[in-house]
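All remarks here apply to the structure that follows.
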């Protein structure tokens, strides 16, 4: 990790880890529905317990980790994953044709980004969005 000015460090997001009750179902969602590429998959006693995926753009990865036996996912765990997609409307329409249910279809938000919301098989919130040139700029709320 390279040190920058003062006490700050130049951090790069490597990955987010999402705990899952059923890695196979999560792989179907993230790999087969959303199109992430499988990098690695680990099995224990012939059951997938871990998988790491990468979006077709960017360098970050998503890790899926099985919940330990005898434990459960905490309700309302506060996780929401964001995936940016340029052709948001047509991507969401294609997912709907494939049977994916959205909690909110694409809508322009007051901060200028367009979002659609859905849940993964474990109930984690997922936002598909398009911010375009606004992604790294301060948002301006509209009323």
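In the numbering used here, the protein residues as written are 416 to 558.
Beta carbons: idealized from backbone N, C-alpha and C, even for Gly.
In the structure shown, the three-state DSSP call for residue 551 is coil.
One thing to note: residue 438 has its Cβ within 9 angstroms of the Cβ of residue 479. Between the beta-carbon of residue 521 and that of residue 504 there is about 5 angstroms, and that keeps the pair under the 8 angstroms contact cut.
In the DSSP annotation of this structure, residue 529 is not part of any alpha helix (DSSP H); the continuous beta strand (DSSP E) holding it starts and ends at 529-534. Between the stretch 519-536 and the stretch 457-475 there are fewer than three C-beta pairs closer than 8 angstroms, too few to call the two in contact.
For residue 557, the closest C-alpha among the options 528, 436, 506 and 447 is that of 528. The C-alpha of residue 452 lies about 21 angstroms from the C-alpha of residue 538.
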